[in-house]
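Residue numbers (our numbering): 8 to 246. We put the beta carbon where it would ideally sit given N, CA and C, even for glycine. Quantities reported herein were computed from a predicted structural model and do not represent experimental measurements. Working notes, beginning with the structure itself.
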Ligand SMILES: C[S@@+](CC[C@H](N)C(=O)[O-])C[C@H]1O[C@@H](n2cnc3c(N)ncnc32)[C@H](O)[C@@H]1O
């Protein structure tokens, strides 16, 4: 039977609790199901953020902080790199991995950012938006906290247009990925949640339109593997 995603606050509570529960082996799971390719997509996302030493950047839904660490290498010791997530378990892993101590981590909600308006050069998110109850609230917040000319980068699953590729990728994500997850954490229904959470997630074009609707300009996206994975890029208009 298909997994039913809880709605509203119950979804947020489910996501927060469940990510904390799988935090210890989340990176291992990611490495196995993407055959390590998530590291390449994340490096691409960080490159697209065009950061320089001294910049201020926020990584929302930072999870175990791998994107945050890559961002920190670009902003350097003079910059500010913050990872934000609402799951204490994920944040604990992120803090442990930050050997330099140069990133900071905040527990918070990606739809109510505890950040000053117009203060950031870039905001990134990896596999985060689809977990939110209201993506629009988050996009409005991201737009608010970016400086004019600031960049937003989003990595997530995309919609595949070619039918045979879509069928193969659906088979992999709905049938194989949950089995891999349950080998790592036996009985854990979170791994049925993962593929289901991509069903309602907007298509590449729809997310681009949402970004434009929130005032972003120069919105574009780059598809990997026929759109199985996609990276959106958007700019906050200069004053
Ligand atoms: C699939 S993980 C992604 C982790 C990491 N960014 C990556 O690319 O591997 C999604 C993360 O989003 C966090 N999350 C989901 N909803 C959130 C919200 N409303 N506010 C903050 N974090 C949230 C979860 O706790 C989880 O750590």
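The alpha helix (DSSP H) enclosing residue i, as first and last residue numbers
i	result
residue 199	197 to 204
residue 22	16 to 29
residue 119	Premise fails: residue 119 is in no alpha helix (DSSP H) and is neither H nor E.
residue 174	170 to 178
residue 50	44 to 55
residue 151	142 to 152
residue 33	33 to 40
residue 219	211 to 220
residue 194	Neither: residue 194 is in no alpha helix (DSSP H) and is coded neither H nor E.
Per DSSP, the bridge partner or partners of residue i
i	result
residue 236	164 and 231
residue 129	64 and 158
residue 91	67 and 113
residue 241	159
residue 223	243
Start and end residues, beta strand (DSSP E) containing residue i
i	result
residue 82	First-last for residue 82: 73 to 82, but that is the alpha helix (DSSP H), not the beta strand (DSSP E).
residue 109	Where residue 109 is concerned, there is no enclosing beta strand (DSSP E), given that its DSSP letter is neither H nor E.
Cβ separation of residue i and residue j, assumed to be a contact under 8 Å, to the nearest whole Å
i	j	result
residue 161	residue 117	The Cβ separation is near 11 Å, so there is no contact.
residue 113	residue 238	Residue 113 to residue 238, Cβ: 24 Å. No contact.
residue 126	residue 63	6 Å
residue 2	residue 91	Past the edges of the chain, shown from 8 to 246, lies residue 2, and the structure says nothing about it.
residue 217	residue 146	6 Å
residue 32	residue 192	7 Å
residue 215	residue 226	5 Å
residue 101	residue 133	12 Å between Cβ atoms; not a contact.
residue 235	residue 164	7 Å
residue 10	residue 208	No, residue 10 and residue 208 are not in contact; Cβ-Cβ is about 15 Å, not under 8 Å.
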